[in-house]
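K.L.:
In our numbering, the protein residues as written are 35 to 506.
We put the beta carbon where it would ideally sit given N, CA and C, even for glycine.
Keep in mind it's a predicted model, so treat the numbers as computed, not measured.
Input: one structure, supplied below.
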Amino acid sequence: MSSNSTLTESLHEKTIVFGLKLWVVIGIAVGASLLGILLILVICLTIQTWIRRSRKAFKELPMTQIPSAFKDITEVRVADQFSSNDYVVHDGLLLAIENGPVESMDKDAVQLVQEDNSRHREENNLSGSLVHTDGCDGIQSVSVCEQPSVHATADSAPLDGLPEFSYLGWGHWFTLRDLDVATDHFAKDNVIGEGGYGVVYRGRLSNGTPVAVKKILNNLGQAEREFRVEVEAIGNVRHKNLVRLLGYCVEGTQRMLVYEFVNNGNLESWLHGELSQYSSLTWLARMKVLLGTAKALAYLHEALEPKVVHRDIKASNILIDDEFNAKISDFGLAKMLGAGKSHIATRVMGTFGYVAPEYANSGLLNEKSDVYSFGVLLLEVITGRDPIDYDRPPSEVNLVDWLKLMVANRRSDEVVDPHLERRPSTKELKRALLTALRCIDLNAEKRPRMDQVVRMLDSSETGSLRILKPCH
């Protein structure tokens, strides 16, 4: 009993801690310890939850600007786009043929240029130029298609001064706050484009670099899908004629892409939009834009593995810088075509007037679909007309049909955009028209590769036009 009473007395003795009794001090110490342990557990659980969410967001990743609303991407029906008759070029003349079903991957099709159809693709980094030599009656031409290295070190100038941090190993991982500040809280005054999949804002990074921020709308997972596709397609590649993807934002349900800012509008605005009211693109500037576009497509089709099919080549997706260099943008519909695959089956998507007929008919997609779209774009640049224009007479609504009819009637000199201050020479016009007609051939196998298109557009001698005819 004496020991118990002694313990009780000891517990009730006052301590030097604010004069509190010993049992009170012990109770406070035990309580504080328990609270500390609980706090540590809460912090650990919070960190683990954040890490799991971050990993989940990036685990879903295999790893320009938005077109105008009136040309939104739609599911295309071939019956609305192609007429019952089409034409082919033969020895410089346009002959009518019936519009039958396109044969897919016909290996016995007549080749318009005699050459080896092997891919001429290097296993390692590609730099300099892809060189192809084609012979036709002794005439030779050499490709000038530039092929930057897929893994070349990117010019980091736009990101100088920013923290060096990237979860994916390329580009810059921006926080939502970074982009909120850069766009002045996503102000309406900074909107430079919008469409079905999102809104593009003009912004300025903390280091002063102007950027375009694409905020993808989160409609039933569309944000995640488009984000993934664009990152796969151009996240780690560089070409002077591709809009550069500087970085990204993945935060909660937000998915944003940060591009270099291209400051001179797009091809559509120069041909049909507000910029056309102030000035008309010269023929030389138009050909420079088209040549740059062709080089970028040749790079996507020939230099990458897997190759990239853009699937939405059109005027509003061709951005133009202040030196009139083209930059292809908006890879939200892009598809990858792996080695050994001649095509992939996919839902028919694209912009009305630009979609290749065999793709619209069958849903089978390959790089020749991009070639067709480029051919339509080339006709649009030559004529200054929209691919589909319901304000024109019925026979002129479809640009491709009208153009073929005009050439068949030997009225090709009448198709040039009347807004051009200086018309192209006969030789220049013929080169452009024949190149376009080759690209829109109904037989996809007969369409040229994009590196061939580069040679056609870049030819400086009349004799080089012979590559547009079949060798006999």
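1. Check whether the Cβ of residue 53 lies closer than 8 Å to any Cβ atom in chain B.
2. Does residue 294 pass the burial test, meaning 16 or more other C-beta atoms within 10 Å, or should it be called exposed?
3. Indicate whether residue 340 and residue 370 have their beta-carbon atoms separated by less than 8 Å.
4. Rounded to the nearest angstrom, how far is the Cβ of residue 358 from that of residue 322, given a contact under 8 Å?
5. Of the choices 363, 312, 319, 302, whose alpha-carbon is the least far from that of residue 331?
6. Would you check if there are 3 or more beta carbon pairs closer than 8 Å linking the segment 408-423 to the segment 298-306?
7. For the 8 Å Cβ check, are there 3 or more pairs between the segment 389-401 and the segment 425-435?
8. Can you tell which of 487, 456, 46, 366 has the C-alpha that lies nearest to the C-alpha of residue 466?
9. For residue 235, which beta-bridge partners are listed by DSSP?
10. Residue 401 lies in the alpha helix (DSSP H); which residues open and close that run?
11. Skipping 5 residues on each side, what residues in its chain have a beta carbon closer than 6 Å to that of residue 320?
12. What's the call for residue 86, buried or exposed, on a 16-neighbour Cβ count within 10 Å?
13. Whose C-alpha, out of 64, 410, 481, 212, is nearest the C-alpha of residue 285?
14. Using DSSP with H/G/I as helix, E/B as strand and the rest coil, what is residue 479?
15. In the structure shown, what three-state DSSP assignment does residue 322 receive?
16. For residue 390, name the three-state secondary structure that DSSP assigns.
17. Taking the alpha-carbon positions, what's the residue 237 to residue 270 distance?
18. Using the Cα positions of residue 65 and residue 287, report the straight-line distance between them to the nearest angstrom.
19. State the Cα-Cα distance for the pair residue 471 and residue 219, rounded to the nearest angstrom.
20. Can you tell me which of the three DSSP states residue 289 falls into?
21. Going by DSSP in three states, residue 43 sits in which element: helix, strand or coil?
22. Since I believe residue 346 is in contact with residue 385 (beta carbons under 8 Å), could you give me their beta-carbon distance rounded to a whole number of angstroms?
23. Roughly how many angstroms lie between the CA atoms of residue 298 and residue 79, to the nearest whole one?
P.N.:
In short, the structure shows the following:
1. Although the question refers to chain B, the structure presented lacks it and comprises just one protein chain.
2. Position 260 of the sequence shown, counting from 1, holds the residue named residue 294. Counting the other CB atoms within 10 Å of its CB gives residue 294 a total of 16 or more, which places it among the buried residues.
3. To locate residue 340, count along the sequence shown from 1; it is residue 306. To locate residue 370, count along the sequence shown from 1; it is residue 336. Yes, Cβ-Cβ distance for residue 340 and residue 370 is below 8 Å.
4. The count along the sequence shown starts at 1 and reaches residue 358 at position 324. The count along the sequence shown starts at 1 and reaches residue 322 at position 288. Right, their Cβ atoms sit about 5 Å apart.
5. If you number the sequence shown from 1, residue 331 lands on position 297. Closest by alpha carbon: 363.
6. yes
7. no
8. Here residue 466 is taken as the residue at index 432 of the sequence shown, counted from 1. The shortest Cα separation from residue 466 among 487, 456, 46, 366 belongs to 487.
9. By 1-based counting over the sequence shown, the position of residue 235 is 201. For residue 235, which the question treats as bridged, DSSP gives the partners 225, 247.
10. Here the question's residue 401 lines up with position 367 in the sequence shown. Here the alpha helix (DSSP H) through residue 401 covers 401-417.
11. Here the question's residue 320 lines up with position 286 in the sequence shown. Cβ neighbours of residue 320 beyond the five flanking positions: 415.
12. One-based indexing of the sequence shown puts residue 86 at position 52. Exposed, by the Cβ-count rule.
13. For the purposes of this step, residue 285 is taken as residue 251 along the sequence shown, with counting starting at 1. The candidate whose alpha carbon is nearest that of residue 285 is 212.
14. On the sequence shown, residue 479 is found 445 positions in, with the first residue counted as 1. In the three-state reduction of the DSSP assignment, residue 479 falls in the helix class, which pools H, G and I.
15. Walking along the sequence shown from the start, residue 322 turns up at place 288. It is helical.
16. Taking the first residue of the sequence shown as 1, we reach residue 390 at position 356. DSSP places residue 390 in the coil class of the three-state scheme, outside both helix and strand.
17. Your numbering for residue 237 matches position 203 in the sequence shown. Your numbering for residue 270 matches position 236 in the sequence shown. The alpha-carbon atoms of residue 237 and residue 270 are separated by roughly 22 Å.
18. Your numbering for residue 65 matches position 31 in the sequence shown. Your numbering for residue 287 matches position 253 in the sequence shown. The straight-line gap from Cα to Cα measures roughly 40 Å.
19. Working through the sequence shown from its first residue, we reach residue 471 at position 437. Working through the sequence shown from its first residue, we reach residue 219 at position 185. Each residue's Cα considered, the two are about 47 Å apart.
20. What you label residue 289 is simply residue 255 of the sequence shown in a count that begins at 1. In this structure, DSSP gives residue 289 an extended state, which the three-state scheme calls strand.
21. To locate residue 43, count along the sequence shown from 1; it is residue 9. Of the three classes helix, strand and coil, the one that applies to residue 43 here is helix, per DSSP.
22. Translated into the one-based positions of the sequence shown, residue 385 becomes position 351. Translated into the one-based positions of the sequence shown, residue 346 becomes position 312. Right, the Cβ-Cβ distance comes to about 6 Å (below 8 Å), so this counts as a contact.
23. Here residue 298 refers to the residue found at position 264 when the sequence shown is read from its first residue. Here residue 79 refers to the residue found at position 45 when the sequence shown is read from its first residue. For residue 298 and residue 79, the distance between alpha carbons rounds to 50 Å.
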